[in-house]
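K.L.:
Position one of the sequence shown corresponds to residue 22 (this note's numbering), numbered consecutively onward.
Glycine included, each C-beta is placed from N, C-alpha and C at the ideal position.
Everything numeric in this text was worked out from a predicted model, so none of it was measured.
Here you go, one structure.
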Amino acid sequence: MAAKTEIRDLSGHVGGSATLTGWVVKNRPSGKISFFELRDGTGVCQCVVEKSESNDSLFEAARRLSQEASVEVTGAVTREERAVGGYEVRLTALTVVGASQEYPITPKPHGIDFLFKRRHLWFRAQRQWLIMRVRATIIDQIRRFFNDRGYILVDTPIFAPAAGEGSQTLFKVDYFGEPVYLAQTGQLYLEAACMAHRKVYCFGPTFRAEKSKTRRHLTEFWMVEPEIAYASLSDVIDVAEDFVCSLAERVLTDHRQELIELGRDVAQLERIRKPFYRIRYDEAAELLRGPKAKALLEKDLAAKTSRLAELDQKVAELEDRQKQGGVKQWEKDKAAAEVIDLREERSELTDQIANIPHHMKLAAEFEWGGDLGGSDETIISRLHDRPVFVSHYPKHVKAFYMREARDNAKVVENFDLLAPEGFGEVIGGSAREEDYDRLLHRIHEEGLPQEDYEWYLDLRRFGTVPHGGFGLGVERTVAWICNLKHIREAIPYPRMMGRFYP
Ligand code: 4AD
Ligand code: MG
22 MAAKTEIRDL SGHVGGSATL TGWVVKNRPS GKISFFELRD GTGVCQCVVE KSESNDSLFE
82 AARRLSQEAS VEVTGAVTRE ERAVGGYEVR LTALTVVGAS QEYPITPKPH GIDFLFKRRH
142 LWFRAQRQWL IMRVRATIID QIRRFFNDRG YILVDTPIFA PAAGEGSQTL FKVDYFGEPV
202 YLAQTGQLYL EAACMAHRKV YCFGPTFRAE KSKTRRHLTE FWMVEPEIAY ASLSDVIDVA
262 EDFVCSLAER VLTDHRQELI ELGRDVAQLE RIRKPFYRIR YDEAAELLRG PKAKALLEKD
322 LAAKTSRLAE LDQKVAELED RQKQGGVKQW EKDKAAAEVI DLREERSELT DQIANIPHHM
382 KLAAEFEWGG DLGGSDETII SRLHDRPVFV SHYPKHVKAF YMREARDNAK VVENFDLLAP
442 EGFGEVIGGS AREEDYDRLL HRIHEEGLPQ EDYEWYLDLR RFGTVPHGGF GLGVERTVAW
502 ICNLKHIREA IPYPRMMGRF YP
């Protein structure tokens with residue numbers, strides 16, 4: 022086989038010839054000239070074959086190419102501003118590697134369930150391709166950030182004998198006749214490791230039996246967790262702040278174009294700079310009950326209601342157009358596709374509008390002592406123009422291991438980081454209770470079996486120190502950075518209640 026060029030390197034071949042291998046995205050054959058778009062995993066370019074006396078079979082072969090057929094092509098490379106990707110290849114040779122008949126994901130709109138059942142093919146779509154590239158960079162930066170700062174990677178087990186984050190979301194597994202659970206966190210094991218290495222992190226899949234179907238929850242997600250010995254709450258928050266800034270900066274450097282293509286307003290990401298806001302739970306509660314939260318939701322309601330009217334009018338117009346005489350078939354198809362999109366937006370909007378009064382009530386009547394709900398987090402983050410750390414939550418809504426504030430036993434030294442624009446919690450973290458008696462008391466209070474945590478209590482028996490850390494959810498971060506409405510597109514194969522194929 023001839024030497025192969027990747028599409029991303031085409032600029033170095035302008036004026037010469039190149040051999041590419043890839044898949045056909047779209048074919049637009051016509052009488053005398055055939056255009057098709059080729060993607061090779063590194064980019065997309067336009068291929069052209071002009072019919073001439075000497076190239077009948079080449080022209081025929083190009084004309085017959087169907088969506089997602091795999092091909093090897095050779096041709097002359099030119100710069101072509103108007104073509105996708107900016108280059109054009111005028112073919113002199115074409116070989117079909119693998120045929121593709123009736124590829125199920127056509128350019129027309131498909132429902133989300135249809136697409137997720139075909140996730141194995143949907144990966145090839147441009148938008149999904151972009152998201153996975155940004156995800157890979159975020160993961161690379163996660164590792165780089167901690168490796169560059171002297172953190173030691175310690176892999177924690179996935180089969181866990183006890184709960185790490187609350188017993189309601191445990192997945193039970195039969196381990197040779199004994200029950201064990203899929204890990205909800207690596208944190209407890211990391212706490213042990215930080216007493217050996219000082220600064221450690223783990224990074225892996227995490228499991229939560231989340232029975233609710235929300236746009237922020239998966240049952241299997243990836244989490245990075247750093248843990249630091251001799252660290253206070255504010256030390257840990259400082260690390261989280263630097264860390265999130267480094268993620269935003271790296272993605273902006275490497276993927277500005279991709280982000281724009283994904284519809285992300287990059288100016289919003291450019292704002293991700295120190296210092297983030299730092300407020301306490303008490304202040305968050307006051308904000309929720311106050312006039313700013315109310316005004317925000319009232320404004321939302323008005324904006325969404327007027328958008329709904331606009332959508333209804335557009336749909337009516339498009340439907341009229343389809344019924345009119347003298348309209349070409351392709352115009353009718355285009356109108357029909359637009360109607361599908363608008364209807365989808367309409368149905369999301371009606372749900373949102375229906376929820377606003379409920380969210381208003383939740384916020385207005387927010388009582389000290391409860392956890393912040395998804396809509397509460399959205400409100401707080403939207404009332405700020407940079408990420409917000411919310412700290413010092415009531416002890417009884419948080420995990421047993423969190424350090425009790427020494428000046429107020431009702432709250433713990435924890436924090437959540439709320440991403441901007443309503444994306445909600447991307448990080449949860451805390452100082453850990455280093456005092457043996459207080460920790461044991463909390464274990465009993467939560468009704469946890471002490472014998473399961475004896476090894477963990479050992480860490481407080483033998484040279485205990487103040488320490489802390491946090492966990493960042495990869496998919497929530499990808500959804501925020503890529504501006505995805507739902508977390509399910511942020512992971513290659515989403516696992517949610519009722520969704521585990523393929
Ligand atoms: O707040 P969480 O539950 O904290 C912990 O697990 C701690 N052990 C972390 C630590 O201190 N070492 O989860 C941390 C983050 C959340 O902020 C969120 O980004 C993500 O993990 N997360 C989820 N992502 C997707 N689906 C779910 N069901 C998630 N639950 C948590
Ligand atoms: Mg949390």
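Are the CB atoms of Val433 and Lys419 nearer to each other than 7 Å?
P.N.:
Yes. Within cutoff.
K.L.:
What is the rounded straight-line gap between the Cα of Ile249 and the Cα of Asn168?
P.N.:
Rounded to the nearest angstrom, the two C-alpha atoms are 14 Å apart.
K.L.:
Check whether the stretch 280-300 and the stretch 490-510 are in contact - that is, three or more C-beta pairs closer than 8 Å.
P.N.:
They touch, by the three-pair rule.
K.L.:
Check Met22 in the structure and name its three-state DSSP category.
P.N.:
A caution first: Met22 carries a pLDDT of 49, below 50, which makes its placement in the model unreliable, though a value can still be read off. Residue state, collapsed to three classes: coil.
K.L.:
Look at Phe297 and Glu262 and say whether their C-beta atoms are less than 7 Å apart.
P.N.:
Result yes, Cβ atoms of Phe297 and Glu262 sit closer than 7 Å.
K.L.:
Out of Lys129, Pro513, Lys53, Thr95, state which residue places its alpha-carbon closest to the alpha-carbon of Gly37.
P.N.:
Measuring from the Cα of Gly37, the nearest candidate turns out to be Thr95.
K.L.:
CB of Gly187 to nearest heavy atom of the ligand MG: below 6 Å?
P.N.:
Because no heavy atom of the ligand MG lies under 6 Å away, the Cβ of Gly187 does not count as near it: no.
K.L.:
Hey, could you find the ends of the beta strand (DSSP E) Gly445 is sitting in?
P.N.:
Unbroken beta strand (DSSP E) run through Gly445: 445-452.
K.L.:
Is the number of C-beta pairs between the stretch 134-148 and the stretch 96-105 that are closer than 8 Å three or more?
P.N.:
Contact between the stretch 134-148 and the stretch 96-105 is absent, because fewer than three Cβ pairs lie under 8 Å.
K.L.:
To the nearest angstrom, how far is the alpha carbon of Met244 from that of Asp372?
P.N.:
The straight-line gap from Cα to Cα measures roughly 30 Å.
K.L.:
Given the structure, does Gly449 come close to the ligand MG, in the sense that its CB is under 6 Å from one of the ligand's heavy atoms?
P.N.:
Result yes, Cβ under 6 Å from the ligand MG.
K.L.:
Between Leu322 and the rest of its own chain, which residues show a CB-CB distance below 6 Å, the 5 nearest in sequence each way excluded?
P.N.:
Taken in chain order, the residues that qualify are Ile377.
K.L.:
Compare the Cα-Cα distances from Ala306 to each of Asp176, Val336, Ser402, Val348 and report the closest residue.
P.N.:
With distances taken between Cα atoms, Ala306 lies closest to Ser402.
K.L.:
Could you work out which residue in Leu86, Cys66, Ser396, Thr177 is closest to Gln205 when comparing CA atoms only?
P.N.:
Measuring from the Cα of Gln205, the nearest candidate turns out to be Thr177.
K.L.:
Indicate the three-state DSSP secondary structure (helix, strand or coil) for Asp195 in the structure shown.
P.N.:
Asp195: strand per DSSP, three-state reduction.
K.L.:
Which stretch, first to last residue, makes up the beta strand (DSSP E) that contains Gly347?
P.N.:
First-last for Gly347: undefined, no H or E at that position.
K.L.:
Is the closest heavy atom of the ligand 4AD to the C-beta of His238 under 6 Å?
P.N.:
Because some heavy atom of the ligand 4AD lies under 6 Å away, the Cβ of His238 counts as near it: yes.
K.L.:
Is there at least one non-hydrogen atom of the ligand 4AD closer than 6 Å to the beta-carbon of Glu246?
P.N.:
Checking every heavy atom of the ligand 4AD against the Cβ of Glu246, one is found closer than 6 Å.
K.L.:
Please confirm whether any heavy atom of the ligand 4AD lies closer than 6 Å to the CB of Gln67.
P.N.:
For the ligand 4AD, not one heavy atom lies less than 6 Å from the Cβ of Gln67.
K.L.:
Can you tell me whether Glu319 sits near the ligand 4AD, meaning its C-beta is under 6 Å from at least one heavy atom of the ligand?
P.N.:
Glu319: no, Cβ never under 6 Å from the ligand 4AD.
K.L.:
From Gln345 to Ala356, what distance separates their C-alpha atoms?
P.N.:
Roughly 12 Å between the two C-alpha positions.
K.L.:
Looking at the secondary structure, which residues open and close the alpha helix (DSSP H) in which His218 lies?
P.N.:
Segment 208-218, the alpha helix (DSSP H) holding His218.
K.L.:
Using the C-alpha atoms, what's the distance from Glu340 back to Asp259?
P.N.:
So the alpha carbons of these two residues sit roughly 55 Å apart.
K.L.:
So, helix, strand or coil for Pro296, using DSSP?
P.N.:
DSSP places Pro296 in coil when its eight states are reduced to three.
K.L.:
Count the other CB atoms within 10 Å of the CB of Thr26; is the residue buried (16 or more) or exposed (fewer)?
P.N.:
Burial call: buried.
K.L.:
Smallest Cα separation from Asp161: which of Val499, Lys138, Pro523?
P.N.:
Answer by Cα proximity: Val499.
K.L.:
If I'm right that Met216 touches Leu480 with Cβ under 8 Å, what's the distance once you round it to whole angstroms?
P.N.:
Right, the Cβ-Cβ distance comes to about 6 Å (below 8 Å), so this counts as a contact.
K.L.:
Hey, how far is the Cα of Met22 from the Cα of Glu352?
P.N.:
Any reading at Met22 must be qualified, since the residue scores a pLDDT of 49, below 50, and its modelled position is unreliable; no value is offered.
K.L.:
Grouping DSSP H, G and I as helix and E and B as strand, with all else coil, what is His141?
P.N.:
Residue state, collapsed to three classes: helix.
K.L.:
Hey, how far is the Cα of Tyr457 from the Cα of Arg520?
P.N.:
C-alpha separation (whole angstroms): 42 Å.
K.L.:
With a CB to CB cut of under 7 Å and the five nearest residues on each side skipped, what residues in its chain are close to Ala440?
P.N.:
Cβ within range, chain order: Ser402, Pro408, Val447, Trp501.
K.L.:
Which term fits Asp437, buried or exposed, when burial requires 16 or more other beta carbons within 10 angstroms of its beta carbon?
P.N.:
Burial call: buried.
K.L.:
For Cys223, write down the residues that DSSP places opposite it in a beta bridge.
P.N.:
Partner(s): Glu246.
K.L.:
Examine the Cβ distances between the stretch 121-138 and the stretch 71-83 and report whether three or more of them are shorter than 8 Å.
P.N.:
No, the stretch 121-138 does not touch the stretch 71-83.
K.L.:
Helix, strand or coil, according to DSSP, for Gln88 in the structure here?
P.N.:
Coil at Gln88, not helix or strand.
K.L.:
Please list the segments of the alpha helix (DSSP H) lying wholly inside the stretch 430-493, counting only runs of 4 or more residues, in order along the chain.
P.N.:
Listed in chain order, the complete alpha helix (DSSP H) runs (minimum 4 residues) inside the stretch 430-493 are 457-466, 475-482.
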